[in-house]
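Undergrad:
Structure representation (C-alpha cells):
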C-alpha cells in the first residue's frame, strides 16, 4: 500500500474518487469502467486505479483464506 495525502494529490494534479466501499463493488466498478473506456476510446487501461485497504480488511481477508 502507498500512503496518499491530499497534498500528494494536489501536487500530482490528479483526483481521487471513492468508487466503492467493499471488494465486490470495487471489482464490479473496475470492470465496468474498463468496458466503458474500451468501448469509447479503445483503451481499457487509460485510467489507473489505486486500491487501498485498512489493516482490519487485510486481517479479515487473511482469516478467510
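In our numbering, the protein residues as written are 63 to 127.
Ideal Cβ placement from N, Cα and C applies to all residues, glycine included.
Note that the structure is predicted; figures quoted are calculated from it, not measured.
Can you tell me whether residue 103 is helix, strand or coil according to DSSP?
TA: For the purposes of this step, residue 103 is taken as residue 41 along the chain shown, with counting starting at 1. DSSP places residue 103 in helix when its eight states are reduced to three.
Undergrad: Assuming residue 32 and residue 109 make a contact with CB atoms under 8 angstroms, what is their CB distance in whole Å?
TA: Because the chain is modelled from 63 through 127, residue 32 falls outside the range shown and cannot be assessed.
Undergrad: Does DSSP put residue 87 in a helix, a strand or coil?
TA: Walking along the chain shown from the start, residue 87 turns up at place 25. If DSSP states are grouped into helix, strand and coil, residue 87 belongs with the helices.
Undergrad: So, under 8 angstroms CB-CB, residue 88 and residue 78 are touching, yes? Tell me the CB distance rounded to an integer number of Å.
TA: The sequence position of residue 88 within the chain shown is 26, counting from 1. The sequence position of residue 78 within the chain shown is 16, counting from 1. Wrong, their Cβ atoms sit about 14 angstroms apart, outside the cutoff.
Undergrad: Which class does residue 94 belong to by DSSP, given the choice of helix, strand or coil?
TA: Here residue 94 refers to the residue found at position 32 when the chain shown is read from its first residue. Reduced to three states, the DSSP call for residue 94 is helix.
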